[in-house]
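J.: Quick note, this note's numbering runs 1082 ahead of the 1-based positions in the sequence shown.
Following this message is one structure expressed as structure tokens.
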Amino acid sequence: MTGRPGPTPSRRALLGFGVAALTATGLSGTAHAAPGVTARQVPGATKAPGGSARRRAQSFLAAAMDAYPDHGTVRLTQSYTDQANLFSTAFTYDNALAILAHLAVRTRDGEVRAVALGDALIYAQAHDPAYDDGRLRQAYNVGPYVFFDGVPQPHGFVRPDGTANVGTQFGFTGTAVGDMAWAGIALSALARRTRARRFLAAAVRIGEWIERTGRTDEPLGGYKFGVNGANEKLPFTSTEHNTDLVCLFGRLARLTGDRVWRERAARAEAFVRRMWEPAGGFFYTGTNDGVTVNKSPIPEDTQTWTHLALDSRRFTRSLDWAAGELAVLDHSERRNSTVPAGQSFEGVTFSSASLVADEDKPIAEFQPKPDRNGVWFEGTAHLALAFRDRGARGDEYRARRLLDSLERAQDHLGTAQTVGGRPLPERSGIVSASSPLDTGFGFGYYPYRHTGATAWYLLAAVRANPLRA
């Protein structure tokens, strides 16, 4: 992220610089039992996603939102359980997903929570400690903790001076176009559901910030990555980000009636289409310099989100590429696996680089060694939803197998974890990964219950596509 040669960073990379066939056949065939795992423990996808599992996922999102009752009613949702050692960090992206999931389940409590989270994003936008230009930061603090250096962070989401509590101790102070786009998508969904003008106004402010900050006239075009914590523009252009913008700008065009948003959506889509590799049937991750396509690693979300946003038959093979080339089966006898004995989980990993990660080397300082077959459950939910959205022959079967794996993960992984020091409702929330996995983009995912993964599971379970403009 300093401009040296390397992969285009994901939206999930830390902008503040404060921290650093399932086996052979893929998801189209029958899963093979791992050593020591009986055939009945391998998902068969013969049942529809369970209502009880969905209710428990909703209860996790509620608990993560209500973890700090003594620190005000204006609040965001903590992203990970306490055991992840990110304390009360609430990522903007995760909270956008929580809004969309709360709306998708169509309960009264869900809508109330979605509105409250939308209002919190508007509060952050209007009460940034340094800027009044429509931006949101990568993450915020929502409750007190003592940092690793012994320095306390005593406040909730709203600091005593009224400003939003930006996540400075971890360096989560930058602003990524992808994060902003997801916040805008969530706010536009609230605007459509509630007809409240404040949500649309906030989404438009986000869109205008992206246009001012991200638009580029480089040969490959599109919109660039965003800014770091020092407000310096970053040189990368991400396929994922521009995919998000196809949705956001398309929604703003419909909600405002202003044709300028259609031109902006077309610009973002043109960049995404330039990243298509027809010979392989997949999308590249983006560009580091606006001129040369970065061809490695190849991530999962640029395959599934492009389908959800573009809905184009020309690119539908990207789902089959992800299902085949990124398929993994994790079980307790794998090297560096943290899966409990007798269990196995199928799905997809984060990127092509995850499959060749160095299993002898920690993912990062103070972090464990990776499992090449660790399942990325957020991406597995992306793929399940994309299969259901595409609806080709066999897609529903494959989606249900993936959903079954997600629901068993909720039952068996991440037990005894807490949020804000409080125990979670039993078997609620889905971990971000079955075992530690290396993304290939300079960070990892671990077996901690996660707002983002849980929200994507709910979206897939109820067939709600958040990226359709």
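Ideal Cβ positions, reconstructed from N, Cα and C, are used throughout, including at glycine.
Can you say whether Phe1230 is buried or exposed, counting buried as having 16 or more other CB atoms within 10 angstroms of its CB?
T.: Exposed.
J.: Could you name each continuous alpha helix (DSSP H) segment of 4 residues or more that falls completely within the segment 1122–1180, going from the start of the chain to the end?
T.: Counting whole runs of 4 or more residues, the segment 1122–1180 contains the alpha helix (DSSP H) stretches 1133–1147.
J.: Assuming Val1328 is part of the alpha helix (DSSP H), what are its boundary residues?
T.: First-last of the alpha helix (DSSP H) with Val1328: Thr1321 to Thr1338.
J.: I need the boundaries of the beta strand (DSSP E) containing Phe1427, first residue and last residue.
T.: Run containing Phe1427: Ser1426 to Val1430, per the beta strand (DSSP E) assignment.
J.: Using the rule of at least 16 other Cβ atoms within 10 Å of the residue's Cβ for burial, across every protein chain shown, is Asp1520 buried or exposed?
T.: Burial call: buried.
J.: Put Val1562 into one of helix, strand or coil per three-state DSSP.
T.: This structure leaves residue 1562 out entirely; the chain is present only between 1083 and 1551.
J.: Less than 8 Å between the beta carbons of Thr1174 and Gln1220, yes or no?
T.: Their beta carbons are under 8 Å apart, which means Thr1174 touches Gln1220 by this criterion.
J.: Asn1418 and Pro1452 - do their beta-carbons sit closer together than 8 Å?
T.: Closer than 8 Å, so yes.
J.: Round the Cβ separation of Ala1072 and Arg1349 to the nearest angstrom and send it over; I've been treating them as touching at under 8 Å.
T.: This structure cannot speak to residue 1072, because the chain is shown only from 1083 to 1551.
J.: Quickly, what does DSSP pair His1413 with across the bridge? List them, please.
T.: For His1413, which the question treats as bridged, DSSP gives the partners Ser1426.
J.: Taking the straight line between their C-alpha atoms, what separation do you get for Ala1265 and Arg1550?
T.: Computed Cα separation, rounded: 15 Å.
J.: Let me check understanding here. Comparing Cα to Cα, which of Arg1341, Glu1382 and Leu1168 lies closest to Glu1322?
T.: For the residues Arg1341, Glu1382 and Leu1168, the minimum Cα distance to Glu1322 belongs to Glu1382.
J.: Going by DSSP in three states, Thr1374 sits in which element: helix, strand or coil?
T.: Reduced to three states, the DSSP call for Thr1374 is coil.
J.: For a quick check, are the C-beta atoms of Arg1472 and Leu1401 less than 8 Å apart?
T.: A contact, by the Cβ cut-off of 8 Å.
J.: With a CB to CB cut of under 6 Å and the five nearest residues on each side skipped, what residues in its chain are close to Gly1108?
T.: Low per-residue confidence applies at Gly1108: pLDDT is 43, beneath 50, and the placement is therefore not dependable, though the value from the model is reported in the following sentence. Closer than 6 Å at the Cβ level, and outside the excluded window around Gly1108, lie Ala1405, Gly1406 and Ala1409.
J.: Straight-line CA distance for Arg1137 to Asn1547?
T.: Rounded to whole angstroms, Arg1137 to Asn1547 spans 19 Å at the Cα level.
J.: Nearest-angstrom Cα distance between Tyr1528 and Arg1190?
T.: Approximately 33 Å, taken between the alpha carbons.
J.: Assuming contact is defined by CB atoms lying nearer than 8 Å, are Ser1170 and Asn1223 in contact in what I supplied?
T.: Yes, they are a contact pair.
J.: Assess, as a yes-or-no matter, whether the segment 1178–1192 is touched by the segment 1280–1291 under the definition of 3 or more beta carbon pairs within less than 8 Å.
T.: Counting Cβ pairs under 8 Å, fewer than three are found: no touch.
J.: Between Gly1308 and Gly1296, how many whole angstroms is the CB-CB distance? I'm expecting something under 8 Å.
T.: Indeed, because the Cβ distance is near 7 Å, the residues count as touching under 8 Å.
J.: Go to Ala1221, then tell me how far its beta strand (DSSP E) extends in each direction, as first and last residue.
T.: Run containing Ala1221: Ala1221 to Asn1223, per the beta strand (DSSP E) assignment.
J.: Count the C-beta pairs between the segment 1326–1342 and the segment 1241–1256 that are closer than 8 Å, then say yes if the count reaches three, no if not.
T.: As far as the Cβ criterion goes, the segment 1326–1342 does not touch the segment 1241–1256, which means the pair count is below three.
J.: Which residues in the same chain as Val1233 place their Cβ atom closer than 7 Å to its Cβ, once the five residues preceding and following it in sequence are excluded?
T.: Taken in chain order, the list of residues that qualify is empty.
J.: If I measure Cβ to Cβ from Thr1155 and keep anything under 8 Å in the same chain, skipping five residues before and after, which residues do I get?
T.: Ala1198.
J.: Less than 6 Å between C-beta atoms, sequence neighbours within five positions excluded: which residues of the same chain meet that for Ser1434?
T.: These residues qualify, in order along the chain: Pro1379 and Ile1380.
J.: Return the residue from the list Ala1347, Ala1183, His1209 and Arg1399 that minimises the CA-CA distance to Gly1362.
T.: Checked all of Ala1347, Ala1183, His1209 and Arg1399; the closest Cα to Gly1362 is Arg1399.
J.: With the cut-off set at 8 Å, would you say Ala1474 and Ala1542 are in Cβ contact?
T.: Their beta carbons are not under 8 Å apart, which means Ala1474 does not touch Ala1542 by this criterion.
J.: Hey, would you say Glu1193 sits closer than 8 Å to Leu1185, going by beta carbons?
T.: In contact: Glu1193 and Leu1185 (Cβ atoms closer than 8 Å).
J.: Report the residue from Tyr1479, Pro1236, Thr1420 and Ala1271 whose alpha carbon sits nearest the alpha carbon of Leu1337.
T.: Residue Ala1271 is the option with its Cα nearest to Leu1337.
J.: Assess, as a yes-or-no matter, whether the segment 1441–1458 is touched by the segment 1360–1375 under the definition of 3 or more beta carbon pairs within less than 8 Å.
T.: No, the segment 1360–1375 is not in contact with the segment 1441–1458.
J.: In the DSSP assignment, find the alpha helix (DSSP H) that holds Ala1491 and state where it starts and stops.
T.: Taken as a continuous stretch (DSSP letters only), the alpha helix (DSSP H) holding Ala1491 covers Asp1477 to His1494.
J.: Which residues in the same chain as Arg1535 place their Cβ atom closer than 6 Å to its Cβ, once the five residues preceding and following it in sequence are excluded?
T.: Note on residue identity: the sequence assigns Ala, not Arg, to residue 1535. Same-chain partners within the cutoff: Phe1459, Glu1460, Ile1512 and Ser1514.
J.: In whole angstroms, what is the alpha-carbon distance linking Arg1341 and Ala1481?
T.: Looking at the two C-alpha atoms, the distance is approximately 37 Å.
J.: Tell me which residues share the same chain as Ala1130 and place their Cβ nearer than 6 Å to its Cβ, disregarding the 5 neighbours each side in the sequence.
T.: Its pLDDT being 48, under 50, Ala1130 is placed unreliably in this model, and the coordinates cannot settle the point.
J.: Restricting to Cα atoms, I'd like to know which of Leu1485, Ile1288, Arg1346 and Leu1495 is closest to Arg1626.
T.: Any answer about residue 1626 is impossible in this case: the structure gives the chain only from 1083 up to 1551.
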